[in-house]
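Undergrad: Below is the structure I would like to discuss, written out as structure tokens.
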Amino acid sequence: MRYPHGRIGLGTVAAASALLLTAACGGNTASDAGSNSKGPILVGSILDATGPLNVIGKPNIDATNLAIKDINAHGGVLGRQLKLISYDSQSDNAKYTQYANKLTLENKVSVLMGGITSASREAIRPIVDRSKTLYFYNNLYEGGVCDKNVFNTGPVPSQQLAPLIPYATKNFGKKIYIVAADYNFGHISADWAKKYAKQAGAEVVGTDFVPLESSDFGAVINNLQAAKPDVVVSLLVGGNHTAFYRQFASTGLNKTMKIVSTTFGDGSEHIVLAPKESEGVTVAFPYFQELKTSENAAFVRTWHAAYGQSYPYVPNSAVTVWNGWHLWAAAVKKAGSLDRDKVTAALESGLSIDSPSGKVTMNPGSHHVTQNVSIAEANDKHGFKVLTTNADVPPAYENSVCDLQKNPTTNKQFTP
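Laid out in structure tokens, this is it:
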């Protein structure tokens, strides 16, 4: 069921941080950005600093700026510093189109990273394909994109829903209700949830799709009260959708149903909500700030040194953005060049980095990463308790349908 657009309601976690908005140097050409130049290497980012998606955009921007600073502090790449040109897409897909054209055609960046929603990714993708600019999409998504020019570091359903649905049915019950964002991410992810539910012997008793603009979940709550599922699979996105968890708890449904989600926490929902509204929500991500590793401890220290000890929480998407920049930098170093084909070949060599979330390896054929995935539940301290971690989880579906080394001209999104 779909619901009409509502008014934008919720505020964001904090005001958006200032972007590194740098004007392109006069007379820039593609060769100026190439490996023969001694000047800085221009790189681009488009993220939502304002609008309802800035709850995800702000930490993504912070991660981008910190990654660039870290790479430059360690000598840059090819003996040159990186110079970031970034734009605020204002939670508006038309802005993604505008700024992707500007970054690729005018600024001639060597790589473009950005996009939060799948719709924003699809606004960017044809532009970077035409300009032959490498593109990294670093947020979780519904999976299936197979494009020689695109690399993906965020988790996909075969890494999140595949372990999360069986965990939910084993621990909470086998009647499932799906509540999802009403765009391609929500619809395709809901199809995946149904597939994994069937494999787990569960029954999907209802599905609702809610526009990103809506913060009124009254009809959804009524449907849940009538259906009485054991488990609610939340595939909601952005600041407005945080209202669902508040309304769910206020009606007491959190006493009789468990929420599992592949998105909760990436928009700092567990920070915005009171613990009584979020405690017990179960999620699956590659990264949690609570991970007990030396790499993560060092990363969190670096983050707090840059942004202060009072920074609410470092979400998963901040680290997948960090990983994207460091994978690209490692590939350029391995290639010894900024040439797109040479950097692509380096990425397709099975390139790995050690990251705050653990080892991350780019799969040569699918251009998606193998990475650790943990299941955790929101606690009463605005954080998460990590319950279990699966090491080296591959993007199984993408690896099964997409082989860009054998079929480099493939350019489509596979769906279940």
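Numbering (the numbering used here), first residue to last: 8 to 423. From the three backbone atoms N, C-alpha and C, an ideal C-beta is built for every residue, glycine too.
Which first and last residues belong to the alpha helix (DSSP H) in which residue 370 is found?
TA: What you label residue 370 is simply residue 363 of the sequence shown in a count that begins at 1. It is not in any alpha helix (DSSP H) - residue 370 carries neither H nor E in the DSSP assignment.
Undergrad: Give me the Cα-Cα distance between residue 408 and residue 380, rounded to the nearest whole angstrom.
TA: Indexing the sequence shown from 1 puts residue 408 at position 401. Indexing the sequence shown from 1 puts residue 380 at position 373. Taking the straight line from one Cα to the other gives about 21 angstroms.
Undergrad: Assign residue 284 to buried or exposed, taking buried as 16 or more other Cβ atoms, counted over all protein chains shown, within 10 Å of its Cβ.
TA: By one-based count along the sequence shown, residue 284 stands at place 277. Classification for residue 284: buried.
Undergrad: Quick check: the Cα distance between residue 354 and residue 48, rounded to an integer number of angstroms?
TA: Looking up residue 354 in the sequence shown gives position 347. Looking up residue 48 in the sequence shown gives position 41. If I take the Cα positions, the gap works out to 19 angstroms.
Undergrad: Check for me: the alpha helix (DSSP H) holding residue 331 runs from which residue to which?
TA: Residue 331 sits at position 324 when you count from the first residue of the sequence shown. Per DSSP, residue 331 belongs to the alpha helix (DSSP H) from 323-342.
Undergrad: For residue 36, which residues of its own chain have a beta-carbon under 8 angstroms away from its beta-carbon, when the five flanking residues on both sides are left out?
TA: Here residue 36 refers to the residue found at position 29 of the sequence shown. Unreliable placement is indicated for residue 36, whose pLDDT of 35 sits below 50; the coordinate value is still reported in the next sentence. Cβ neighbours of residue 36 beyond the five flanking positions: 115.
Undergrad: Just the Cα atoms here: how many angstroms apart are residue 172 and residue 225?
TA: Locating residue 172 in the sequence shown gives position 165, where the first residue counts as 1. Locating residue 225 in the sequence shown gives position 218, where the first residue counts as 1. Rounded to whole angstroms, residue 172 to residue 225 spans 25 angstroms at the Cα level.
Undergrad: Suppose the cutoff is 6 angstroms on Cβ atoms and the five residues either side in sequence are ignored; what does the same chain contact list for residue 265 look like?
TA: Looking up residue 265 in the sequence shown gives position 258. Within the same chain, residue 265 has close Cβ partners 179 and 238.
Undergrad: What is the rounded straight-line gap between the Cα of residue 152 and the Cα of residue 374?
TA: In the sequence shown, counting from the first residue as 1, residue 152 sits at position 145. In the sequence shown, counting from the first residue as 1, residue 374 sits at position 367. Each residue's alpha carbon lies about 9 angstroms from the other.
Undergrad: Let's test the definition: count the other Cβ atoms within 10 Å of the Cβ of residue 60 and tell me whether it reaches 16, buried, or not, exposed.
TA: Against the sequence shown, residue 60 aligns to sequence position 53. Answer is buried; the Cβ neighbour count reaches 16.
Undergrad: From residue 74 to residue 157, what distance separates their C-alpha atoms?
TA: Sequence index remark: in the sequence shown, residue 74 carries index 67 (1-based). Sequence index remark: in the sequence shown, residue 157 carries index 150 (1-based). Distance between the alpha carbons of residue 74 and residue 157 is about 20 angstroms.
Undergrad: Give me, in chain order, the residues of the same chain whose beta-carbon lies closer than 6 angstroms to that of residue 98; leave out the 5 immediate sequence neighbours on both sides.
TA: For the purposes of this step, residue 98 is identified with residue 91 of the sequence shown, where counting begins at 1. 55, 58, 59 and 60.
Undergrad: What residue range is occupied by the uninterrupted beta strand (DSSP E) comprising residue 289?
TA: Counting from one through the sequence shown, the residue named residue 289 turns up at place 282. Taken as a continuous stretch (DSSP letters only), the beta strand (DSSP E) holding residue 289 covers 289-292.
Undergrad: Please state the DSSP three-state secondary structure of residue 366.
TA: In the sequence shown, residue 366 corresponds to position 359, counting from 1. Reduced to three states, the DSSP call for residue 366 is strand.
Undergrad: Excluding the 5 residues flanking residue 126 on each side, which residues of the same chain have their C-beta closer than 6 angstroms to its C-beta?
TA: Numbered from its first residue, the sequence shown carries residue 126 at position 119. Same-chain partners within the cutoff: 100 and 190.
Undergrad: Within the chosen definition, does the region 361-368 reach the region 290-307 through at least 3 CB pairs nearer than 8 angstroms?
TA: Verdict: yes, contact present.
Undergrad: I'd like the ranges of any alpha helix (DSSP H) spanning at least 4 consecutive residues and lying wholly in the region 213-276.
TA: Counting whole runs of 4 or more residues, the region 213-276 contains the alpha helix (DSSP H) stretches 225-234 and 249-257.
Undergrad: Can the beta-carbon of residue 243 be found closer than 7 angstroms to that of residue 188?
TA: Taking the sequence shown and counting its residues from 1, the one referred to as residue 243 is at position 236. Taking the sequence shown and counting its residues from 1, the one referred to as residue 188 is at position 181. Yes, the Cβ-Cβ distance between residue 243 and residue 188 is below 7 angstroms.
Undergrad: Give a yes or no on whether the C-beta atoms belonging to residue 339 and residue 84 are separated by under 7 angstroms.
TA: As a position in the sequence shown, residue 339 is number 332, starting the count at 1. As a position in the sequence shown, residue 84 is number 77, starting the count at 1. Yes, Cβ-Cβ distance for residue 339 and residue 84 is below 7 angstroms.
Undergrad: Can you give the Cα-Cα distance for residue 91 and residue 69, rounded to whole angstroms?
TA: Here residue 91 refers to the residue found at position 84 of the sequence shown. Here residue 69 refers to the residue found at position 62 of the sequence shown. Using only the alpha carbons, I get a separation of about 13 angstroms.
Undergrad: With a CB to CB cut of under 7 angstroms and the five nearest residues on each side skipped, what residues in its chain are close to residue 387?
TA: The residue you call residue 387 lines up with position 380 of the sequence shown. Answer for residue 387: 282 and 286, listed in chain order.
Undergrad: Are the region 251-270 and the region 337-352 touching, with three or more C-beta to C-beta distances below 8 angstroms?
TA: With a cut-off of 8 angstroms, the region 337-352 and the region 251-270 do not count as touching, because too few Cβ pairs lie within range.
Undergrad: Does the beta-carbon of residue 132 have 16 or more other beta-carbons within 10 angstroms, so that it is buried, or is it exposed?
TA: By one-based count along the sequence shown, residue 132 stands at place 125. Flag for residue 132 reads buried.
Undergrad: With the cut-off set at 7 angstroms, would you say residue 163 and residue 118 are in Cβ contact?
TA: The count along the sequence shown starts at 1 and reaches residue 163 at position 156. The count along the sequence shown starts at 1 and reaches residue 118 at position 111. The answer is no: Cβ separation not under 7 angstroms.
Undergrad: Taking only the alpha-carbon atoms, compute the straight-line gap between residue 39 and residue 112 and give it to the nearest angstrom.
TA: Within the sequence shown, the letter at position 32 stands for residue 39. Within the sequence shown, the letter at position 105 stands for residue 112. Per-residue confidence for residue 39 stands at a pLDDT of 42, beneath the threshold of 50, marking its modelled position as unreliable; the derived number appears in the next sentence. Those two C-alpha atoms are separated by around 13 angstroms.
Undergrad: Which residue or residues does DSSP assign as beta-bridge partners of residue 209?
TA: Numbered from its first residue, the sequence shown carries residue 209 at position 202. Bridge partners of residue 209: none, in fact.
Undergrad: What residue range does the beta strand (DSSP E) around residue 392 cover?
TA: To locate residue 392, count along the sequence shown from 1; it is residue 385. Where residue 392 is concerned, the enclosing beta strand (DSSP E) stretches over 391-400.
Undergrad: State the start and end residues of the unbroken beta strand (DSSP E) segment that holds residue 187.
TA: Locating residue 187 in the sequence shown gives position 180, where the first residue counts as 1. 182-188 is the span of the beta strand (DSSP E), which, as asked, contains residue 187.
Undergrad: If you draw a straight line from the C-alpha of residue 130 to the C-alpha of residue 385, how long is it?
TA: Position 123 of the sequence shown, counted from the start, is the residue given in the question as residue 130. Position 378 of the sequence shown, counted from the start, is the residue given in the question as residue 385. Using only the alpha carbons, I get a separation of about 33 angstroms.
Undergrad: Nearest to residue 72 by alpha carbon, out of 395, 93, 223 and 63?
TA: Locating residue 72 in the sequence shown gives position 65, where the first residue counts as 1. The residue with the shortest Cα to Cα distance from residue 72 is 93.
Undergrad: With a 10 Å radius around its C-beta and 16 neighbouring C-beta atoms as the bar for buried, classify residue 81 as buried or exposed.
TA: The residue you call residue 81 lines up with position 74 of the sequence shown. Classification of residue 81: exposed, given that the 10 Å Cβ count is below 16.
Undergrad: Identify whether residue 296 lies in helix, strand or coil by the three-state DSSP scheme.
TA: Locating residue 296 in the sequence shown gives position 289, where the first residue counts as 1. Coil, per DSSP.
Undergrad: When we look at the beta-carbon of residue 95 and count the other beta-carbons within 10 Å, is it buried (16 or more) or exposed?
TA: By one-based count along the sequence shown, residue 95 stands at place 88. So residue 95 ends up on the buried side.
Undergrad: So what does DSSP say about residue 412, is it helix, strand or coil?
TA: Reading the sequence shown from its first residue, position 405 is the one you call residue 412. Here residue 412 sits in coil by DSSP.
Undergrad: What is the DSSP secondary structure of residue 148, counted as helix, strand or coil?
TA: Here residue 148 refers to the residue found at position 141 when the sequence shown is read from its first residue. The answer is coil: DSSP assigns residue 148 none of H, G, I, E or B.
Undergrad: Run through DSSP, which three-state label would residue 43 get?
TA: Here the question's residue 43 lines up with position 36 in the sequence shown. The predicted position of residue 43 is uncertain, since its pLDDT is 47 and thus under 50; no value can be drawn from it.
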